[in-house]
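In UniProt numbering, the protein residues as written are 1 to 271.
Glycine included, every Cβ here is placed at the ideal spot set by N, Cα and C.
Predicted model, so just to flag it, every value in this text is computed and none were measured.
Spelled out as structure tokens, the structure:
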């Protein structure tokens, strides 16, 4: 079983490079984000205990990426998106490596691809004004709830609101999530802010992301980064240069429970 953190990182770097190649061929901008950006700034690579890669793409660029991926899928790489599989429990795509395993044991019965993955978070341009911000955040939260409720079928404690949403068939929930993203796309405007889907949905200044030529070293290579990494990371994490306490220095198992990792064996063999 290949499941050391270093081996997991090597698989994720391969996915990052596959993503970069498609983006470069089609001139799609992308940026290091979240823990990956923080790792680039603080460690020039992965945060020592981190177990994923986070990227940020403009929403229209992400749509073009999904179309390009369908036409020129890299060998051994799958794109997982709720628009193709209604059981996917988040409103953004992931790239996953075939023949590997990254499976939270609590959710192993969800019929989805459980290979090692990287996240492709979209951000949407938002018009100035309170109503535009309310509409954008509401669309995101509804889409997130419609898809995320799939996880609650495998949890012991479930809120009443989630129980009500679960009464809807899975295909209906996915269609509602799709309508929310269509509404977000239709109402994009050239304001100062954008809504990024990472970290629960955050409003950021567009100038923090676009308009620069910032590249940062990450595991020996330079990758595109937001134009103002400090402003981006401060908005996301606050005092991002101070590591969290030791008990929080863990990967996704901190939130999802025990995760089965294997860089050499397909998740379907475990199922």
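Cβ distance (whole Å) where residue i is taken to contact residue j below 8 Å
| i | j | result |
| --- | --- | --- |
| residue 120 | residue 62 | 6 Å |
| residue 28 | residue 64 | 6 Å |
| residue 238 | residue 227 | Wrong, their Cβ atoms sit about 20 Å apart, outside the cutoff. |
| residue 187 | residue 133 | About 11 Å; that fails the 8 Å criterion. |
| residue 18 | residue 77 | 5 Å |
| residue 201 | residue 137 | 6 Å |
Proximity of residue i and residue j at Cβ, strictly below 8 Å
| i | j | result |
| --- | --- | --- |
| residue 224 | residue 31 | yes |
| residue 56 | residue 123 | yes |
| residue 204 | residue 235 | yes |
| residue 252 | residue 109 | no |
| residue 45 | residue 219 | yes |
| residue 130 | residue 152 | no |
| residue 126 | residue 180 | no |
| residue 184 | residue 139 | yes |
Outcome for residue i when other beta-carbon atoms lying within 10 angstroms are tallied against a minimum of 16
| i | result |
| --- | --- |
| residue 128 | exposed |
| residue 9 | buried |
| residue 190 | exposed |
| residue 48 | exposed |
| residue 230 | exposed |
| residue 50 | buried |
| residue 39 | buried |
| residue 70 | exposed |
| residue 277 | Outside the displayed span of the chain (1 to 271) sits residue 277, for which this structure offers no information. |
| residue 159 | exposed |
| residue 59 | buried |
Cut-off 7 Å between Cβ atoms - residues of its own chain near residue i, not counting five sequence neighbours on either side
| i | result |
| --- | --- |
| residue 260 | 101, 103, 105 and 270 |
| residue 54 | 33, 34, 35, 36, 119, 121 and 198 |
| residue 11 | 97, 100, 116 and 263 |
| residue 192 | 128, 205 and 206 |
Close beta carbons around residue i, own chain, < 6 Å, minus the five adjacent residues each side
| i | result |
| --- | --- |
| residue 197 | 92, 121 and 122 |
| residue 7 | 263 |
| residue 20 | none |
| residue 268 | none |
Report task. Would you check if there are 3 or more beta carbon pairs closer than 8 Å linking the segment 109-124 to the segment 80-96? Result -> yes
Query raised in the report: Do the segment 138-153 and the segment 82-91 meet, that is, are 3 or more Cβ pairs less than 8 Å apart?
Result: yes
**Report entry** Contact between the segment 197-211 and the segment 171-178 (3+ Cβ pairs under 8 Å)
**Finding:** no
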